[in-house]
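Working notes, beginning with the structure itself.
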Amino acid sequence: FDHWELNFDGEVSEGKFTMPAADVTVTAVYTRKRYIIQTEVEPAGVGSITAPATGQTGLTITLSQTPATGYTFKRWELSTGGEVTDNQFTMPAQGVTVKAIYIRSVHQITTVCKPKTGGVITCARASEYGKIITVSQQTNEGYIFAGWTLSFDGEVVDGKFTMPDQRVTVTANYTRDTS
2 FDHWELNFDG EVSEGKFTMP AADVTVTAVY TRKRYIIQTE VEPAGVGSIT APATGQTGLT
62 ITLSQTPATG YTFKRWELST GGEVTDNQFT MPAQGVTVKA IYIRSVHQIT TVCKPKTGGV
122 ITCARASEYG KIITVSQQTN EGYIFAGWTL SFDGEVVDGK FTMPDQRVTV TANYTRDTS
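Per my numbering, residue 2 is the first one in the sequence shown, and the count goes up by one each step.
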């Protein structure tokens, strides 16, 4: 219960009002109770959630989330055990904690030899963002290894590079041995 409304210029005080010389309509006004909505990110600090601070029982709550670099959103969890579908849930009759679960992004690694007959590359085929990737090559007879090229702004140092938050192509470049 929130308050009383009257159909004339009067007010209800302590449950009473002065009756005018006409018919009266008295309306009880109710509002839905509001409960607190808390948010958490798991692992901590790898994303953010946008949600209202409170919600009214039975109404639809809309959420949004943004992962940090190197992370991918996996799923929502509600402390009440309810479900989030299409970034929305129905507010329960109690406070709720909404948790965004993230996982490290995994990206494909493609290897290329230029020319194709120049050699063979050994390297992981996929990796999580931020991991150190080891690459090695074996030069075929008649070629000289000329260095590495990466599809992003990075470099191979001592046979290693740090995985970015994107797909990567690792190219082993060869020249013909003319000696």
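Glycine is no exception: its CB is placed at the ideal position from the N, C-alpha and C atoms.
Item                                                                                                                                           : Value
Can you look up Thr163 in the DSSP assignment and give me helix, strand or coil?                                                               : strand
So, helix, strand or coil for Lys117, using DSSP?                                                                                              : helix
Would you call the segment 52–62 and the segment 23–31 in contact, with 3 or more CB pairs under 8 Å?                                          : no
Going by alpha carbons, who is nearest to Phe153 out of Met92, Ile110, Ala125?                                                                 : Ile110
How close, in whole Å, do the beta carbons of Asp178 and Gly143 come, if the pair is a contact with beta carbons under 8 Å?                    : 5 Å
Report the option in Arg126, Ala45, Lys161 whose CA atom is closest to the CA atom of Lys100.                                                  : Ala45
Between Ala189 and Phe9, what straight-line distance do the alpha-carbon atoms span, to the nearest angstrom?                                  : Past the boundaries of the shown model lies residue 189; the chain is included only from 2 to 180, so the question cannot be answered.
Report yes if the C-beta distance between Thr140 and Gly120 is below 9 Å; otherwise report no.                                                 : yes
Taking the alpha carbon of Asn88 as the reference point, which residue from Val97, Glu78, Gly82, Gly96 has its own alpha carbon closest?       : Glu78
Look at the Cβ atom of Val1, then the Cβ atom of Pro68, and state whether they are nearer than 9 Å.                                            : Because the chain here runs from 2 to 180, residue 1 falls outside it and cannot be looked at.
Determine the burial state of Gln39: buried for a count of at least 16 other Cβ atoms within 10 Å of its Cβ, exposed for fewer.                : exposed
Less than 8 Å between C-beta atoms, sequence neighbours within five positions excluded: which residues of the same chain meet that for Lys75?  : Ile102, Tyr103, Ile104
Measure the alpha-carbon distance for Ser80 versus Arg35 and round it to whole angstroms.                                                      : 17 Å
Taking Ala125 as the reference, give the member of Thr118, Ile134, Lys117 with the closest Cα.                                                 : Ile134
Less than 7 Å between C-beta atoms, sequence neighbours within five positions excluded: which residues of the same chain meet that for Gln167? : His108, Phe153
Mind pulling the beta strand (DSSP E) runs of 3 or more residues that sit fully within the segment 22–90?                                      : 27–30, 35–43, 48–51, 55–57, 61–63, 65–68, 72–79
Decide if Ala173 is buried, meaning its Cβ has at least 16 other Cβ atoms within 10 Å, or exposed.                                             : buried
Exposed or buried, which one is Ile62 when buried takes at least 16 other CB atoms within 10 Å?                                                : buried
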